[in-house]
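In what follows, a structure is listed as structure tokens, so that the remarks can point back to it.
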Amino acid sequence: MAAVNEANAVLSDAEKRAEYDAMLDAPRGFASGAGNPFRGAEGFDSGDFQFRRQSMGGDADYSDFFRQMFGDAARGQRGGPAGGPRATMRGEDQHASIELDLTDSYRGSERMLTLHGQEITGEGEVRSQERQLQVKIPAGVREGQMIRLAGQGGPGYQGGPAGDLLLEVHFRADKRWRAEGKDVYMPMAVSPWEAALGGSAEVHTPAGTLEVRIPAGWSAGRKLRIKGKGLPAATPGDLYLELQLHIPPATTEEERAAYTAFAQAFPQFQPRQGA
């Protein structure tokens with residue numbers, strides 16, 4: 096009679112009954128491993144049904160009673176001795192990050208990843224697993240973008256499909272260039288005579304070596320836009336060359352004489368005027 100009262104106490108409570116029904120649907124062996132939908136939830140423990148609540152005065156343990164009353168049905172849902180179809184569950188999606196050079200986005204690349212995760216044995220046990228995966232990086236990936244590898248995530252349970260692996264792309268810091276969305280920015284040094292008179296120069300960019308025309312009349316903060324030479328896309332990004340004036344040193348008598356002649360050629364020049 097005490098067992099019946101205990102059953103009424105639990106099954107008449109809608110919340111408790113819903114929790115118990117959820118336990119019947121959860122495959123054994125997931126409680127301590129990745130993929131357990133009830134991981135960390137109150138009232139669930141690994142292995143057997145360990146259903147504990149504080150609300151009925153003390154730490155009430157209903158596991159033995161429910162195994163007696165509902166054990167056959169639960170085993171049947173799990174494909175146990177009572178027969179019936181085995182419950183399957185899709186593996187969980189796994190997340191990782193991958194660090195690339197910006198140039199990898201221009202031409203695409205391949206990477207060998209070592210993944211550390213968990214697998215479920217035929218007995219429902221969870222154990223550590225290490226595996227290697229060759230990943231093809233498509234051209235045009237951007238900072239923060241997710242690459243989805245179907246079926247390379249957590250393993251399914253009882254024949255269920257594997258989850259997906261989601262790789263978040265990050266570019267290594269590189270003083271030569273940076274990406275903002277699909278546009279790429281890089282500094283470009285110019286000499287005083289190039290800044291004043293203009294000219295042409297070969298520039299090594301992530302898109303390859305380009306012949307660039309430098310316009311006359313440099314000013315601080317000026318950028319040269321090269322259309323379509325940013326990251327690849329259906330509509331490619333642009334490449335921006337940030338012009339930076341570099342002053343040659345005066346270490347020899349000839350160099351100092353050249354600077355003296357330069358100063359004499361511009362007697363009216365006042366660099367601090369208006370400062």
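Okay, so the sequence shown: first residue is 96 according to this note's numbering, each after it adds one.
Glycine residues also receive a C-beta, built at the ideal position from the N, C-alpha and C atoms.
- In the structure shown, residue 199 falls within a helical segment according to DSSP collapsed to helix, strand and coil.
- Using a Cβ-Cβ distance cut-off of 8 Å, the stretch 250-263 and the stretch 178-198 are in contact, since at least three pairs of beta carbons, one from each stretch, lie closer than that value.
- Your pair residue 263 and residue 231 does not check out as a contact, with CB atoms roughly 16 Å apart and the cut at 8 Å.
- Residue 359: not part of any beta strand (DSSP E); member of the alpha helix (DSSP H) spanning 348-360, first to last residue.
- Relative to the Cα of residue 276, the nearest Cα in the group 321, 311 and 325 belongs to 325.
- In this structure residue 235 touches residue 328 by the C-beta definition: roughly 5 Å separates them, less than 8 Å.
- Taking 8 Å as the cut-off, the beta carbon of residue 227 is found closer than this to the beta carbon of residue 208.
- Residue 287 and residue 194 have their C-alpha atoms some 38 Å from each other.
- DSSP places residue 284 outside any alpha helix (DSSP H); the residue lies instead in the beta strand (DSSP E), whose first and last residues are 278-285.
- Sorting 202, 191 and 188 by C-alpha distance to the C-alpha of residue 300 places 202 at the top.
- Between residue 353 and residue 237, the alpha-carbon positions lie close to 47 Å from each other.
- Comparing alpha-carbon positions, the option among 245, 196 and 251 lying closest to residue 221 turns out to be 251.
- Taking the Cα of residue 280 as reference, the smallest distance to any Cα among 330, 321 and 355 is reached at 321.
- In this structure, residue 200 lies away from residue 265, with their beta-carbon atoms at least 8 Å apart.
- For residue 313, the CB contacts under 8 Å within the same chain, skipping 5 residues up- and downstream, are 285, 289, 290, 291, 338 and 340 in chain order.
- For residue 274, the enclosing beta strand (DSSP E) covers residues 273-275.
- Within the DSSP secondary-structure output, residue 314 pairs in no beta bridge.
- Assignment of residue 296 by DSSP, reduced to helix, strand and coil, places it in the strand class.
- For residue 332, the closest of 242, 274 and 233 by C-alpha to C-alpha distance is 274.
- Using a 10 angstroms sphere on the CB of residue 268, the tally of other CB atoms stays under 16, which defines it as exposed.
- When DSSP reads this structure, residue 308 sits in a beta bridge with 295.
- Here residue 297 has 304 and 306 as same chain residues with Cβ atoms under 7 Å from its own Cβ, once five neighbours each way along the sequence are excluded.
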